[in-house]
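By the working numbering, the letter at position 84 of the sequence shown is numbered 95, and the numbering carries on one by one without gaps. A quick write-up on the structure given underneath.
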Amino acid sequence: RGAMALTAVSAVLRGLGRATERVGIALQGREAYVERLVPSTRVVGFKGRELSHGEGFVASTASVVGDVKLGERSSVWYGAVVRGDAGAVTIGDASAVQDGASVTGGRGGVIATIGNQVTIQAGAHVDSARVDDGAVIGMGARVQAGAHVGADAFIDAGALVEAEAKVGAGELWTGVPAKKLRDLNADERAYLRATAEAAASLGAAHARQLAKSVADIDSDLSELELRESEGMDWDQPMPELPEDVEAYHRLTYNPMDVSLFREQDFDEEGVRRTFEAEQAALEADAEAEAEELAIMEMVSDTVDQIVAALPHERDGLIARLRSREPRAADVLEAMIGRVEKAKVDDGEAKALETEIREVEPDFFIFPPAEEKAPEAKAVRPVDRSSVCAPRGGGGAVKAASERMQQNPPREP
């Protein structure tokens, strides 16, 4: 009975943990964090080193691993990978690692160095190479370890720059393996630089949008509706309200009271303090719930171990739990005490069964009695030989009785 009760208590605790988590998520609403099996992680440290960057942009689906330095206004776009786990990667200012591209440092002891205003286009790969200022690595191109691409050079789409190759400044290389095709003119070089600046500006716009809160997005939608209703262009400045109108809005704005006539001015600072206090209380409650949940998880795990262990191993398991978390050990010992008492006290066993059945309806310490079919009443056989003739009469009845005994009627 004790092992059965402990097993049921373990199931109850796990159910309680899941229910507590669901309640916490419901209370937090859209602010809740729900851990996924494979979370999207943009920046991952390696051996104590991780991304160092200025005002750059790292997309939500990009991966930057290990010792990586990203310059001002540089960007790592969606699906791109920059790996500094085998060796350092340095990317200068206003450079872009575009969608699905990758930069890897450290192979063969060579550090990947990307200069300023460099564009590594979508799907390209730079492996432990040096790319100087203003160069462009075309879509799907590959630059192998130890190669050096000079300033303002262009590697054509799909080209393969072999290991240790030297691409001169301002040269156009193409083919597999890549060879010099010609020199770029001044306008072409300027165009490469302009491409890098355009990517830097676009990255800054993406960074601003991804940093917006829900309130900022709602404000943008309201502004968009106003522009559409007034026929305004997207880049046309919004009209400014007169100073007295702005002062009126500051004094009378009250998100808790949107009626036309307000009894008093809105205490914005007071509401902010109240909101912060409520948030702090909610966070404290959430931390307490998480701590309690962790304790109950430890108790549940130890219960599973006790159920599977030999009797003489129980004390050691409890002692191990107490060394980790004394409160969890106290809870478990109290639980075991109830179970031990329930073994010898039917009243306590019934109470424990009732508590467990509140969350596990199919659990029984005392299995319900099976319904039995009603027993047929015993019919006392009639001694027909005792039937006698009525007073004063002949022996006809007695004779009939004797014949029935000798020849009883057949069952129908």
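The beta carbon of each residue, even a glycine, is placed where N, CA and C say it ideally should be. Just so you know, these numbers come straight off a predicted model, no measurement behind them.
Secondary structure of residue i, DSSP reduced to three states
{"i": "A216", "result": "helix"}
{"i": "D356", "result": "coil"}
{"i": "V142", "result": "strand"}
{"i": "A97", "result": "strand"}
{"i": "I122", "result": "coil"}
{"i": "R368", "result": "helix"}
{"i": "A182", "result": "It should be noted that the sequence gives Glu, not Ala, for residue 182. Of the three classes helix, strand and coil, the one that applies to E182 here is strand, per DSSP."}
{"i": "D373", "result": "coil"}
{"i": "K223", "result": "coil"}
{"i": "D104", "result": "coil"}
{"i": "D78", "result": "strand"}
{"i": "V282", "result": "helix"}
{"i": "A319", "result": "helix"}
{"i": "R153", "result": "strand"}
{"i": "T130", "result": "strand"}
{"i": "S71", "result": "coil"}
{"i": "S230", "result": "helix"}
{"i": "S334", "result": "helix"}
{"i": "S86", "result": "strand"}
For residue j and residue i, the rounded distance between their alpha carbons
{"i": "I129", "j": "I122", "result": "The displayed chain sequence assigns Val, not Ile, to residue 129. The straight-line gap from Cα to Cα measures roughly 17 Å."}
{"i": "E308", "j": "E366", "result": "19 Å"}
{"i": "V160", "j": "A152", "result": "13 Å"}
{"i": "L363", "j": "D231", "result": "58 Å"}
{"i": "I317", "j": "G348", "result": "14 Å"}
{"i": "A345", "j": "Q290", "result": "35 Å"}
{"i": "R368", "j": "A353", "result": "15 Å"}
{"i": "A258", "j": "V282", "result": "19 Å"}
{"i": "A288", "j": "S240", "result": "40 Å"}
{"i": "D198", "j": "D244", "result": "33 Å"}
{"i": "L181", "j": "V154", "result": "According to the sequence displayed, residue 181 carries Gly and not Leu. So the alpha carbons of these two residues sit roughly 17 Å apart."}
{"i": "T72", "j": "Q109", "result": "12 Å"}
{"i": "R331", "j": "A301", "result": "22 Å"}
{"i": "T185", "j": "A168", "result": "8 Å"}
{"i": "E351", "j": "E359", "result": "10 Å"}
{"i": "I228", "j": "R219", "result": "11 Å"}
{"i": "L213", "j": "L221", "result": "12 Å"}
{"i": "A146", "j": "L293", "result": "53 Å"}
{"i": "I306", "j": "A295", "result": "17 Å"}
{"i": "A174", "j": "A205", "result": "29 Å"}
{"i": "A70", "j": "A164", "result": "27 Å"}
{"i": "P253", "j": "S233", "result": "20 Å"}
{"i": "E83", "j": "A158", "result": "25 Å"}
{"i": "V79", "j": "A207", "result": "20 Å"}
{"i": "V355", "j": "A297", "result": "40 Å"}
Residue nearest to residue i in terms of C-alpha spacing, selected from the options
{"i": "A170", "options": "L183, G161 and S334", "result": "L183"}
{"i": "E217", "options": "P372, Y202, E280 and S85", "result": "It should be pointed out that residue 217 corresponds to His in this sequence rather than to Glu. Ranking the options by Cα distance to H217, first place goes to S85."}
{"i": "T313", "options": "P253, A339 and A295", "result": "A339"}
{"i": "V100", "options": "A107, G116, Q109 and D110", "result": "G116"}
{"i": "A210", "options": "W245, F68, S233 and T185", "result": "F68"}
{"i": "L304", "options": "E208, G181, V342 and R333", "result": "V342"}
{"i": "V178", "options": "G358, D326, N127 and I148", "result": "I148"}
{"i": "A162", "options": "R325, R141 and D315", "result": "R141"}
{"i": "A91", "options": "A360, A107 and K361", "result": "A107"}
{"i": "S74", "options": "E83, A97, V355 and G111", "result": "G111"}
{"i": "A133", "options": "E175, P253 and I166", "result": "I166"}
{"i": "G98", "options": "D255, A156, E254 and E251", "result": "A156"}
Counted within 10 angstroms of its Cβ, other Cβ atoms place residue i as buried (16 or more) or exposed
{"i": "H469", "result": "The first residue shown for the chain is 12 and the last is 423, placing residue 469 beyond what the model contains."}
{"i": "W88", "result": "buried"}
{"i": "A105", "result": "buried"}
{"i": "L81", "result": "buried"}
{"i": "S311", "result": "buried"}
{"i": "R200", "result": "buried"}
{"i": "N196", "result": "exposed"}
{"i": "D144", "result": "buried"}
{"i": "V172", "result": "buried"}
{"i": "T285", "result": "exposed"}
{"i": "T124", "result": "buried"}
{"i": "Q247", "result": "exposed"}
{"i": "G327", "result": "exposed"}
{"i": "R94", "result": "buried"}
{"i": "L237", "result": "exposed"}
{"i": "A320", "result": "exposed"}
{"i": "L203", "result": "buried"}
{"i": "G77", "result": "buried"}
{"i": "D138", "result": "buried"}
{"i": "G126", "result": "buried"}
Residue(s) in a DSSP beta bridge with residue i
{"i": "K177", "result": "H159"}
{"i": "R193", "result": "L183"}
{"i": "S113", "result": "V92 and H136"}
{"i": "V314", "result": "Its beta-bridge partners do not exist; DSSP assigns none."}
Residue i CB to nearest heavy atom of the ligand SAM below 6 Å
{"i": "E359", "result": "The model depicted lacks the ligand SAM and carries no ligand whatsoever."}
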